[in-house]
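Trainee: Please find one structure pasted underneath; my questions will follow.
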Amino acid sequence: MNDSPPVVRLDHIAKTYRAGAIEVAAVRDISLEIPAHRFSMIIGPSGSGKTTLLNLIGCIDMPTGGRIEVVGQDVAHMSDNALADFRARSIGFIFQNFSLVPVLSAYENVEYPLLLVGMKPAERARRTQAMLEAVGLKDHARQRPNELSGGQKQRVAIARALVKEPDIVLADEPTANLDTATGAAIIALMHRMQAEHRTTFIFSTHDPQLMSHSEATFPIRDGMLVQEGHA
Amino acid sequence: MLWKIAFRNILRNTRRSVMTGSAIAVGALALLIFGGFISYIFTAFETGLVEHIGHLTVFRSGYFEFGAGNPAAYGIDNYQSVMKLIGDDPVLKPMIRVMTPTQSLVGIAGNYSGENDAAKTFLGVGLVPSDRQTMKQWNEYGVAQPFVPDDRMTDGAPQRGLIGEGMARILGLCAPLQIADCPSPKPTVTAASGPPLNSDIAALASADQPAEQTAKPELPRIDLLGATANGAPNVVSLEVAGVDRQGVKELDDNYVAMPLALSQQLVYGRGEHKITGIVLQLQRTQELPAARARLHTLIAQHHLDLETHDFAELNPFYVQVVRLFSTIFLFILIIMATIVLFAVVNTMTMNVVERTNEIGTIRAMGVRRNGIRAQFVLEGLLLGAIAATVGVIIACIVVPLINHGGIMWTPPGNSAPIPFRLLLPTAKPALLIGTWLGLVVVATIAALLPANRAARLPVVDALRHV
C-alpha cells in the first residue's frame, strides 16, 4: 500500500456547462482521492465526463462547485497566472493527439517546459538529452513532429511531460491514436518512467489494454463516480 | 525560444506570409519613393531659394510688412558698419558663407530706343554680382544643378543688368537679346503732334550716364524711372545683358536685376546710399536658428532698428509646397498603414484559428496569457520587420534606377524642365528609419488584436478545437 498522502483530493466537485439556455452537467458531486506515485485511471464510456474530470485535476478548467486540492494546493481560488505557473511546475500533460509544437524539433519540444520554469541552459540541455535517450529518441532529436511516427510523437509527448519532473502527469487517452503494438510499447514506457521517476500518472481511458495496468481505478458514468477502486 | 518559434511560424504558411509581407514591402517602397520624391523637391526648392536669397535677410524694422510700397523709406542707414558688425562677430563669422547687400526698388522700365516704344512697371533688385555668383554655388544637399558661371553681370560693369523674359517680351527686347520662342510686339503708331514724352526720359537718362557706358551699342538699353527717397523723380539707364528667367510669370514680367550702385543711384540720387537688406547665406541650413538668434542678440545689444526674416518667411510658396506635399505624404502613409493593418490582422487571425489547439497545449503546459499574447505580437513584429527591410532594400535598388532613367519634369515655380530625381533613402535617414519603424509598429499593433483573442481562449476550449 502507498502511505503517501493523496496527490489529488476532490470534494463534491461539480462542473456544469451552459450551451445557450441548456445547462449540461458534465461532472456531478464527485469526491475522491488519488494516491501519489501510482498509475491511476479514470475510466468510463465516451461522454461520461472523464476528460472533464482530468481537466479539472489538471487545473485547465475550474469547477462550478466543490473543492479541488492538487499537490496540497487549493487550486479553485488561484489566479490565472498562478495556475499557469503551478501547471508549469507541477503538472505534465500527455494528449491523445500528441499536441506537439509543430515548428519545434523533438529536442525543442522536450526542452520547452524547462524554459517555462526558468531552468539554466546547461541543466536544461542535460535533462532534455537524458529524457530523449530514456524514451529512445536520441537519434530523432532534430526531427520535427511531422517527420515522426505516431508512436515516436507520443514518446516525445511523454518525454515533454516528464522532463520537468512534475508531481502529476495527466494523460488523456494516450493510446487512442496508436495501433495495438505501439500502444503496448507506450504503456510499457510510461510504466517504466513512472517507476523510475516515481511520478503520479493519472489517465483517462477506455482502452482495456491500458486499464489492465491500473493501480487505482475511478470509473465514472454520466458525470458521477460509480465506485472507487484500488488495486 | 519565443523568437525562434515566431520566425518558424512565419515560415509555416509561406504563401500567406509572403502575401502579407508583400503588402508591407510595397508600403515601404511606396513611402520611400514618394518620401524620396518630396524630400528631393524640398531640398531642391530650398537650394534654389538659398542660392538666390540666402538663408536670412536683415531688414529695417517694418520693411517686411510695409516696405514693398516704398522701399526707399526703409533703407538701412550706415549699412557698411552693420555688415562689419555682423561679419566680425565671432559666433556668426564661421556660419556665414556669403554676406551681401541688396536694394529693392520699384519703378517704370521703358524701352524707347527701338521702333516699339514700350514701358512697364518693374520690381527691381540691386545686387553685388560677384556675391551672387558665389551664392549660386551653395549646394549643401548635392541636389543643385551644375554651376555655370554667368559673366553677364560683373562688378566691373556698373550699368549692366538682367531682366525677366516676360519683361524682355513686353519691352520688345526679344530680338535684340536673341531669345528663342519669344514674340516681338507689333509696331505702334506714334502721336502726331510734338515729340513724345518718353524721348525726354531717354535723353535725361543718357545725360546721366558715364561716357564709356553710352559708347557700347551692342547691348540693348532700357530706362528705369523711379522716385528718390525724398519723392523726386529720377531715371537711370540700364544695359540689358540678357534675361534671367523667373519661375512665376508675374515676377518674370516685372523682374529687373541691376548692380547695387545703380539701384542706389536711382533710389537715393545724390543722397546717402542705403540698402533695403543684408542677405546672409549660411554654410548649412541647420545653423539658421542659431545664426538668427545671434543676430537678434547683436541687434538688441547695439539698439539697431532692424529685423530678420528667413527664406521661408520671404517665400510663402515654399511653405505652401512643403505643407501640400507633406499632407499628400501623410495621406499615402495613412492608406499604406491601413492596408498593412488589415493584412496583418487577417493573417494573424487565421494563424490563431489554425493554431488554436497548439495554443491550448502550451497554455496547459504553463504558458501564461501574456506569453501567448507576446508570441503572436512577436510574430507580427517579426513579419513587419522582415517585410519592411525587404521594402527598404528594394527601394535602395529602385531609386537609383529611377534617377538614372532620364525622366524630365517641370516642378512648380520652375520655368524649364529638370531631371526627375528622388532622394536616396540612405540620404534621408529619418525617412528611412521612420518608414521602417512605422510599418513595424503598425504590423505589431495589428497583431495585438488576434494576439489578445488567442490569449483569452479558455484552455479546454482551445484543446477541444480541431
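As given, the protein sequences belong to chains E and B, one line each in that order.
Taking my numbering, the leading residue of the first sequence gets 252, the next gets one more, and so forth.
Taking my numbering, the leading residue of the second sequence gets 13, the next gets one more, and so forth.
Built from N, CA and C at the ideal position, the CB exists for glycine as well.
Just so you know, these numbers come straight off a predicted model, no measurement behind them.
#1: List the residues of chain B that residue 467(E) touches, going by C-beta distances under 8 Å, in chain order.
#2: Just list the residues that DSSP pairs residue 431(B) with in beta bridges.
#3: Alpha carbons only, please: which of 110(B), 133(B), 129(B) is nearest the one belonging to residue 121(B)?
#4: Taking the beta carbon of residue 159(B) as the centre, do at least 16 other beta carbons fall within 10 Å, making it buried, or is it exposed?
#5: Output needed in chain order: residues of the stretch 311-325 of chain E with a Cβ under 9 Å from some Cβ in chain B.
#6: Given this structure, state the Cα-to-Cα distance separating residue 240(E) from residue 472(E), to the nearest angstrom.
#7: Is DSSP giving residue 260(E) helix, strand or coil here?
#8: For residue 379(B), return the contacting residues in chain E, with the cut-off set at a CB-CB distance below 7 Å.
#9: Quick one: measure Cβ to Cβ for residue 117(B) and residue 136(B), integer angstroms, because I've assumed they're closer than 8 Å.
#10: Is the CB of residue 470(B) under 9 Å away from at least one CB in chain E?
#11: Along the alpha helix (DSSP H) that carries residue 369(B), what are the first and last residues, could you check?
#12: Would residue 293(E) be called buried (16 or more neighbouring beta carbons within 10 Å of its own) or exposed?
#13: Please confirm whether residue 251(B) and residue 231(B) have their CB atoms less than 9 Å apart.
#14: Whole angstroms are fine: how far does the CA of residue 405(E) sit from the CA of residue 345(E)?
#15: Just confirm the distance between the C-beta atoms of residue 171(B) and residue 274(B), as a whole number of angstroms; I'd bet it's less than 8 Å.
#16: Measuring CA to CA, which of 257(E), 382(E), 284(E) is closest to residue 476(E)?
#17: Can you tell me which of 462(E), 307(E), 367(E) puts its alpha carbon nearest to the alpha carbon of residue 412(E)?
#18: Can you give me the C-alpha to C-alpha distance between residue 53(B) and residue 406(B), rounded to a whole angstrom?
#19: For residue 138(B), which residues of its own chain have a beta-carbon under 6 Å away from its beta-carbon, when the five flanking residues on both sides are left out?
#20: For residue 13(B), decide whether its Cβ has a neighbour in chain E, counting only Cβ atoms nearer than 9 Å.
#21: Name the residue from 341(E), 265(E), 258(E) whose alpha carbon lies nearest to the alpha carbon of residue 291(E).
#22: Decide if residue 237(B) is buried, meaning its Cβ has at least 16 other Cβ atoms within 10 Å, or exposed.
#23: Out of curiosity, what's the CA-to-CA distance linking residue 123(B) and residue 345(B)?
#24: Helix, strand or coil for residue 296(E)? Go by DSSP, reduced to three states.
#25: Which runs of the alpha helix (DSSP H) fall wholly inside the stretch 293-363 of chain B and span at least 4 residues, in chain order?
#26: Taking 8 Å as the limit between beta carbons, can you name the residues of its chain near residue 19(B), skipping five residues before and five after?
#27: Quick one, which of 240(B), 398(B), 306(B) has its alpha-carbon nearest residue 456(B)'s?
#28: By how many angstroms is the C-alpha of residue 337(E) removed from the C-alpha of residue 379(E)?
#29: Which bits of chain E does residue 371(B) rub up against, with CB to CB less than 8 Å?
#30: Report yes or no: do the stretch 313-332 of chain B and the stretch 98-116 of chain B share at least 3 C-beta pairs separated by less than 8 Å?
#31: Going along the stretch 434-456 of chain E in order, which residues come within less than 8 Å of chain B, judged by CB to CB distance?
#32: Assuming the contact rule is C-beta atoms closer than 8 Å, residue 471(B) and residue 311(E) should be a hit. Round their C-beta distance to whole Å, please.
#33: Taking the alpha carbon of residue 444(B) as the reference point, which residue from 466(B), 408(B), 155(B) has its own alpha carbon closest?
#34: Would a check of beta-carbon distances place residue 435(B) closer than 9 Å to chain E?
#35: Can you give me the Cβ contacts of residue 252(E) inside the same chain, cut-off strictly under 6 Å, excluding the 5 residues immediately before and after it?
#36: With burial defined as no fewer than 16 other Cβ atoms inside 10 Å of the residue's Cβ, what is the status of residue 350(B): buried or exposed?
Mentor: Taking the structure as given:
#1: Neighbours of residue 467(E) in chain B, taken as residues at a C-beta separation under 8 Å, are lacking, since the least C-beta distance is about 23 Å.
#2: Note: residue 431(B) is bridge-paired with 420(B) in the DSSP secondary-structure output.
#3: The closest CA to that of residue 121(B), considering only 110(B), 133(B), 129(B), is found on 133(B).
#4: The residue is exposed, with fewer than 16 neighbouring Cβ atoms inside 10 Å.
#5: Close to chain B, meaning a Cβ-Cβ distance shorter than 9 Å, are the following residues of the stretch 311-325 of chain E: 311, 312.
#6: Shown here, chain E extends from 252 to 482; a query on residue 240(E) therefore has no answer.
#7: Looking at residue 260(E) - three-state DSSP - the assignment turns out to be strand.
#8: Residues of chain E passing the Cβ test: 335, 367.
#9: Right, their Cβ atoms sit about 5 Å apart.
#10: Judged by the 9 Å Cβ criterion, residue 470(B) is in contact with chain E.
#11: Here the alpha helix (DSSP H) through residue 369(B) covers 368-376.
#12: Its Cβ being crowded by 16 or more others within 10 Å, residue 293(E) is buried.
#13: Cβ atoms of residue 251(B) and residue 231(B): closer than 9 Å.
#14: CA-CA distance, residue 345(E) to residue 405(E), rounds to 8 Å.
#15: Contact flag correct, Cβ pair sits at about 6 Å.
#16: The shortest C-alpha separation from residue 476(E) is found at 284(E).
#17: For residue 412(E), the closest C-alpha among the options 462(E), 307(E), 367(E) is that of 367(E).
#18: About 22 Å.
#19: In its chain, beyond the 5 residues on either side, 115, 270, 272, 275 have a beta carbon closer than 6 Å to the beta carbon of residue 138(B).
#20: Closer than 9 Å to some Cβ of chain E, the Cβ of residue 13(B) qualifies, so yes.
#21: Nearest of 341(E), 265(E), 258(E) to residue 291(E), Cα basis: 258(E).
#22: Buried: at least 16 other Cβ atoms inside 10 Å.
#23: Roughly 54 Å separates the two Cα atoms.
#24: Coil.
#25: Complete alpha helix (DSSP H) runs here, min 4: 300-313, 323-326.
#26: Scanning its chain for C-beta atoms nearer than 8 Å, with the 5 sequence neighbours on each side dropped, one finds around residue 19(B) the residues 394, in chain order.
#27: For residue 456(B), the nearest C-alpha among the options comes from 398(B).
#28: Approximately 21 Å between the Cα atoms of the pair.
#29: Within chain E, no residue comes near residue 371(B); the closest Cβ sits about 10 Å away, beyond 8 Å.
#30: Between the stretch 313-332 of chain B and the stretch 98-116 of chain B, the count of C-beta pairs closer than 8 Å stays below three; the two stretches do not touch.
#31: Per Cβ criterion, the list is empty.
#32: Confirmed, about 4 Å.
#33: Among 466(B), 408(B), 155(B), the Cα nearest to that of residue 444(B) belongs to 408(B).
#34: Under the Cβ criterion of 9 Å, residue 435(B) is not counted among the residues facing chain E.
#35: Annotation note: pLDDT 47 at residue 252(E) (below 50); position unreliable, coordinate value reported separately. Within the same chain, and ignoring the five residues on either side of residue 252(E) in sequence, no residue has its Cβ closer than 6 Å to its Cβ.
#36: Flag for residue 350(B) reads exposed.
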